[in-house]
Every structure is written in structure tokens, then in C-alpha cells.
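Each remark here refers to the structure printed beneath this line.
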Amino acid sequence: MNKFTRVALPFAIALALSACQENPAETQEDVAEARAEAAEDLGEARSDAADVTAEANQDVNEAWAEGDDVAGAQAEATEDTAEARHEVAVTRAKGALDVAQQRCDALSGQDRDACDAAAKAEYEAAIAVADAELKAAERTADAIDG
Numbered sequence: 002m003n004k005f006t007r008v009a010l011p012f013a014i015a016l017a018l019s020a021c022q023e024n025p026a027e028t029q030e031d032v033a034e035a036r037a038e039a040a041e042d043l044g045e046a047r048s049d050a051a052d053v054t055a056e057a058n059q060d061v062n063e064a065w066a067e068g069d070d071v072a073g074a075q076a077e078a079t080e081d082t083a084e085a086r087h088e089v090a091v092t093r094a095k096g097a098l099d100v101a102q103q104r105c106d107a108l109s110g111q112d113r114d115a116c117d118a119a120a121k122a123e124y125e126a127a128i129a130v131a132d133a134e135l136k137a138a139e140r141t142a143d144a145i146d147g
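Heads up, the sequence shown is in my numbering, so the first residue is 2 and it goes up one at a time.
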């Protein structure tokens, strides 16, 4: 290795590594943007869930009033609202992951890797809880419908 390469290589590595790490102002801006987007997405998911719940309740009330299969309507309402709640939980988890990953961008090396791993683990745990709650609601709906 010639003398130039031995001198230039460490500087090139340092320059490349510094390009991977954001400055605090950039990180703060990215986190704020991710938070705003997550809040907007969550608001939309909650609104959709409220619409689904209202429609499901209306279907149950109509079945009751018309003497139709109330248990079937209740079972369907249970499934529909559970799916809507699941979508809200998934949207919340995705938003939290995006915000956490933006925070992780302020770090470098092993700290960044650990931060990313923790963010992904929290996301996966939230998704697992949401999935379990959805499955429980599906079992409840099956029990209602008999």
C-alpha cells in the first residue's frame, strides 16, 4: 500500500461514516415530519374504524328490528370492528416505528444498530398483540354465531 493510500483511506472512511449520521437539526425535522405523518395516518385509521363500528351497529339494530339473524349480525359486527381496531393498531405501530427509525438516524455504528433493533422489536411486539386481539375477536364472533 503506498503512502497516499494509507493516509487517504482513514479520511475516506471517516467521511463516509459521517455522511451516515444526521445532524441534530435534520434529525429533529425528520422526527417531527414522521410524527405528523403518523398522526395523520392514525387519524384516518381511527375515522375509518369509527365508520365501520357505526355501520356494524346499524346492521345489528336493523337485524333486531326486522327479526333477522341477530346472532349472525352480531358476529359479523364483532369481526368487522375487530378488523378495524386491528388496522388502527397496525397503523399506530407503523407510525411509532417510523418515528423511532428517524431518531435512530441520529446515531451511528452499534448504537444505531441497537436502536433500529429495539424499534423493530417494539413494532413486532405491537403487531403480535394486535394479531392476537384480532384472533380472539374472531373466536368470539364464531362463538356468537354458533
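Every residue gets a Cβ at the ideal spot worked out from N, C-alpha and C, and that includes glycine.
Assuming residue i contacts residue j under a Cβ cut-off of 8 angstroms, what Cβ separation, rounded to an integer in Å, is found between them?
i, j, result
"A83", "L135", "5 angstroms"
"A85", "V61", "With a Cβ gap of about 15 angstroms, A85 and V61 do not count as contacting."
"D49", "G96", "Wrong, their Cβ atoms sit about 15 angstroms apart, outside the cutoff."
Just to confirm my understanding: we take residue i, look at its own chain, exclude 5 residues before and 5 after, and list those with CB closer than 7 angstroms. What are they?
i, result
"R150", "Here the chain comprises residues numbered 2 to 147, so residue 150 is not present and cannot be evaluated."
"A64", "D70, V71, A74"
"D106", "E23, T28, D31"
"A138", "T79, E80, A83"
Could you give the residue range of the alpha helix (DSSP H) that holds residue i?
i, result
"N62", "25-67"
"G110", "110-146"
"D99", "71-105"
Please state whether the Cβ-Cβ distance between residue i and residue j is less than 9 angstroms.
i, j, result
"D117", "Q103", "no"
"E67", "A94", "no"
"A76", "D143", "yes"
"T92", "E56", "no"
Spatial neighbours of residue i within its chain, please: C-beta separation below 8 angstroms, excluding the five flanking residues on both sides.
i, result
"I145", "A72, Q75, A76, T79"
By Cβ distance, which residues of its chain are closer than 6 angstroms to residue i, with the 5 residues on each side in sequence left out?
i, result
"R36", "V100"
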